[in-house]
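In the working numbering, the protein residues as written are 19 to 233.
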Amino acid sequence: MFHDCSSNRRSPRSNDSEWDFSQKRCKTWFHEYTTPDDPQLIGPEGMEKFCEDIGVEPENIVMLVLAWKMEAKQMGFFTIEEWLRGLTDLQCDSIEKVQAKLDHLRSILNDSATFKIIYRYAYDFARDKDQRSMEIETGKAMLQLLLGKHWSLYSSFHRFLDESKYKVINKDQWCNILEFSRSIHPDLSNYDEDGACNKLLVVVYGGGTRVSAQK
């Protein structure tokens, strides 16, 4: 007449526990991407496998946001401390949980102030740590990732970089590029050669700034 409901009561608790964040589970997952030679670091090969597992290309901007969440110091590498910092904040300890957070990570970029923080973070994250400035090819790739889809003058700017003799981008230039992209109208109608903002153009583009932008 009566049936045992204990199994029915246990099942929801079991399912809930799977979605409760576990730092132990997070650490175990981390080591799926490390090597015996360096068990405390995910390197390029492990990073590629991680991206494949979560279904994201390594060049996808969501990976930059995830690295920012972790406060990762070097592109292509995650330490165990960085991994735990970021994924604890996101409450993720599995592939499925990170996948469920991807839209959230992308949405972070919609906030102008946070985008600026991530943009500035990207410079130190991507540059060669043996150099104070960023290699121009790395800079172009990162600018394409961050500004390529949103800045109408980006193609002109990219063409200028391709034609220029610049070999590196320094931190001031990097920051000025974002300010220029946000402040100057696509038709350059608010361009004031003597304006404080447009002194940035000289810093960013050198002497050919205005000509390049008007092409």
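Just so you know, even glycine gets a beta-carbon here, dropped at the ideal spot from N, CA and C.
Treat the numbers as computed from the prediction; the structure is a model and nothing was measured.
State the start and end residues of the unbroken alpha helix (DSSP H) segment that holds residue i.
i	result
MET88	79-88
ARG138	130-144
HIS176	172-181
GLY166	Premise fails: GLY166 is in no alpha helix (DSSP H) and is neither H nor E.
ILE98	98-108
ARG43	41-48
VAL116	113-125
SER199	189-201
GLU70	62-72
Nearest-angstrom Cα distance between residue i and residue j?
i	j	result
ARG228	HIS49	Only weak support is given to the placement of ARG228: the predicted model assigns it a pLDDT of 45, under 50, and the value that follows is read from those uncertain coordinates. C-alpha separation (whole angstroms): 51 Å.
ASN216	GLY94	Because ASN216 sits at a pLDDT of 48, beneath the cut-off of 50, its placement in the model cannot be relied upon, and the following sentence gives the value as read from the coordinates. Distance between the alpha carbons of ASN216 and GLY94: 35 Å.
GLN109	ASP190	35 Å
ASP142	MET160	11 Å
TYR184	TRP192	13 Å
ALA140	SER151	12 Å
GLN117	ILE126	15 Å
ASP56	ARG43	19 Å
GLY157	ASN208	27 Å
ASP107	GLN149	31 Å
PRO54	HIS176	42 Å
ILE72	LYS119	10 Å
MET65	ILE135	24 Å
Are the CB atoms of residue j and residue i within a distance shorter than 9 Å?
i	j	result
ILE98	LYS45	yes
ILE195	LEU165	yes
PHE39	ASP121	no
TYR172	SER199	yes
LYS91	LYS167	no
PRO204	SER182	no
Leaving out five residues on either side along the sequence, give the residues of the same chain with a beta carbon under 6 Å from the beta carbon of residue i.
i	result
LYS67	TYR51
PRO76	CYS69
Once the 5 residues before and after residue i are set aside, which same chain residues still bring their CB inside 8 Å of it?
i	result
MET88	PHE96, GLU100, TRP101, ARG103, GLY104, LEU105
GLY225	Its pLDDT being 43, under 50, GLY225 is placed unreliably by the model, and nothing is read from it.
PRO62	GLY94, PHE95
GLN41	LEU102, THR106, ASP111
Among the options, whose alpha-carbon lies nearest the alpha-carbon of residue i?
i	options	result
VAL83	PRO62, GLN58, ASN128	ASN128
TRP86	TYR137, LYS185, SER182	TYR137
LEU47	ARG177, GLU114, ILE135	First, the amino acid is wrong: residue 47 is Trp here, not Leu. Of the candidates ARG177, GLU114, ILE135, the one whose C-alpha sits nearest the C-alpha of TRP47 is GLU114.
GLU197	PHE133, HIS176, ARG145	PHE133
LEU123	THR156, VAL74, ARG177	VAL74
ALA144	HIS176, GLU63, MET81, PHE175	MET81
Just to confirm my understanding: we take residue i, look at its own chain, exclude 5 residues before and 5 after, and list those with CB closer than 7 Å. What are they?
i	result
ILE16	Here the chain covers residues 19 to 233 and nothing more, so residue 16 does not appear.
LEU59	THR52, PHE95, THR97
TRP37	none
SER32	Below a pLDDT of 50, predicted positions are generally treated as unreliable, and SER32, at 43, falls in that range; no measurement from the model is reported.
Please check if any C-beta of chain B sits within less than 9 Å of the C-beta of residue i.
i	result
LYS115	In summary, chain B is missing from the structure at hand, where a single protein chain is found.
Is residue i near the ligand SAM, judged by its Cβ being under 8 Å from some heavy atom?
i	result
VAL80	For the structure depicted, the ligand SAM is absent and the ligand set is empty, with no information on it obtainable.
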